[in-house]
Every structure is written in structure tokens, then in C-alpha cells.
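Undergrad:
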Amino acid sequence: MNRERRGYPYEFKIESVKRYLENGRRAKYTADELGIPESTLREWRDKYMTEIKKETSPVPVKQGKKEFESILQEKEKRIQQLEEEVQILKKSIGIFTKDSRQK
Numbered sequence: 001m002n003r004e005r006r007g008y009p010y011e012f013k014i015e016s017v018k019r020y021l022e023n024g025r026r027a028k029y030t031a032d033e034l035g036i037p038e039s040t041l042r043e044w045r046d047k048y049m050t051e052i053k054k055e056t057s058p059v060p061v062k063q064g065k066k067e068f069e070s071i072l073q074e075k076e077k078r079i080q081q082l083e084e085e086v087q088i089l090k091k092s093i094g095i096f097t098k099d100s101r102q103k
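Residues in the sequence shown are numbered from 1 upward in steps of one, following UniProt numbering.
This is the structure:
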């Protein structure tokens, strides 16, 4: 009683897992919709989650902290610059509205 194993394309596996995770429904329902065994879908999910964890491994703490601090400084400078621009624009609006009222 040999069952023939079906091979599935990688893209199909990934899309199936994403569909299952995004649905929020039980694996059985998604597997039935796709015509695959529930255990296969769960196996694909486990492999997918393992790959995701490998891809999102944290950077070394010292390097990450330095990069974070420099990015934070850049963002703070940009915020200051934008706040100054907002103040200038507010003053400009005030000047132009005074001129238009006086005419």
C-alpha cells in the first residue's frame, strides 16, 4: 500500500502558509481549501517560522547600540529642522493673512 508522495512548488508552500497565518482560522480549514493534508501545512508552517527567525536574528548589541544612537541623533536633528520650518510657515501665514485683511 504505497502512497505516492506529491511534491509541491516552494511558492505554493509559502503562499499556503501565509494564507493560513493571515486567515486566523484553523489549519484544517485552510488545508481542506488547498487540498493538502493538515499535517503537511503544519510542517510547512514550522519550517517557515524557523526561516523567519533565522532572517531576523538580532545584531550584536554593541554594534546595534552605536547604530541606533547615530540614527536617533539624525532623527532628532531632522525633527528640530521640521519644527523650525513649521514655525516659519506659521509666521508666514500670519503675515500674509494680515496683508490680505488690510487691503
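Ideal Cβ placement from N, Cα and C applies to all residues, glycine included.
Please classify M1 as buried or exposed, where buried requires at least 16 neighbouring CB atoms within 10 angstroms.
TA: Unreliable positioning characterises M1 in this predicted model, as indicated by a pLDDT of 47, which lies under 50. The coordinate reading is nonetheless provided below. By the 10 Å Cβ count, M1 comes out exposed.
Undergrad: With the cut-off set at 8 Å, would you say L41 and T50 are in Cβ contact?
TA: no
Undergrad: Report the three-state DSSP secondary structure of Y10 (helix, strand or coil).
TA: helix
Undergrad: Using a 10 Å radius around the Cβ and a threshold of 16 neighbouring Cβ atoms, would you call S39 buried or exposed?
TA: exposed
Undergrad: Between K75 and Q87, what straight-line distance do the alpha-carbon atoms span, to the nearest angstrom?
TA: 18 Å
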